[in-house]
Amino acid sequence: MRGAAGGTLRRAVVSILAVLKTGAFYLPIDPAHPQARIGFMLDDVAPTAIITTSDLADRLTGFDVPVIDVNDPTIGSQPATPLPVPAPDDIAYLIYTSGTTGVPKGVAITHQHVTQMLQTLDAGCRDRVCGRTATRWPSTSRCGKSSGHCCTGVGWW
400 MRGAAGGTLR RAVVSILAVL KTGAFYLPID PAHPQARIGF MLDDVAPTAI ITTSDLADRL
460 TGFDVPVIDV NDPTIGSQPA TPLPVPAPDD IAYLIYTSGT TGVPKGVAIT HQHVTQMLQT
520 LDAGCRDRVC GRTATRWPST SRCGKSSGHC CTGVGWW
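Count the sequence shown with our numbering and you get residues 400 to 556, in order.
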């Protein structure tokens, strides 16, 4: 599992796709959330790393999780390793809701859920998707549409 914290949409999408390619799932983290909520999610999930930018990294200090800066030039020099393709039932991302008790609740979204949402859109290369949601709230809107447009040829509008 990798955490992905904010930044530009392009960096966020590249980070998300990179995490998915490793076979891990991602947890979108809103750096505007209170430190206690971020801490709760990180303690609950126990990610192996957090991917972010240096300007947001200070919001993630104090947690026992390595922070990877997407702007670090050494990232591009890492060896390419063939990775297994995730199974449909593997988790693609985890999203936290407010929970019915007021305690945040993690909800796992599988690759099959994302694929079904993209198929439901029935969008092609001439279609456009208007992405107006925050990357921190992918539900079936941002995650599928932003990652999906990269994988299906749907353009942004």
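Where is the CB? At the ideal position from N, CA and C, for every residue including glycine.
Alpha helix (DSSP H) containing residue i: first to last residue?
i	result
Ala456	Ser453 to Ala456
Gly501	Careful: Gly501 lies outside any alpha helix (DSSP H) and carries neither H nor E.
Ile467	First-last for Ile467: Val466 to Asp468, but that is the beta strand (DSSP E), not the alpha helix (DSSP H).
Return the chain-ordered list of same chain residues with a C-beta closer than 8 Å to the C-beta of residue i, the five sequence neighbours on each side being excluded.
i	result
Lys420	Leu482
Leu493	Met400, Phe424, Tyr425, Leu426, Val444, Gly505, Val506, Ala507 and Ile508
Ala491	Leu419, Phe424, Tyr425, Pro485, Ile508, Thr509, His510, His512, Val513 and Cys542
Starting from residue i, follow the beta strand (DSSP E) in both directions and report where the run begins and ends.
i	result
Leu426	Tyr425 to Ile428
So, at 7 Å on beta carbons, what are the nonlocal neighbours of residue i in its own chain, with the 5 sequence-adjacent residues on each side left out?
i	result
Ser453	Asp468 and Asn470
Val466	Ile449, Thr451, Ala456 and Leu459
Phe439	Pro503
Which residues in the same chain have their Cβ closer than 6 Å to the Cβ of residue i, if we skip the five residues on either side of it in sequence?
i	result
Phe462	Leu441
Ile474	none
Pro487	His510 and Gln511
Mind checking who residue i pairs with in its DSSP beta bridge?
i	result
Thr509	Ile490
Thr496	Lys504
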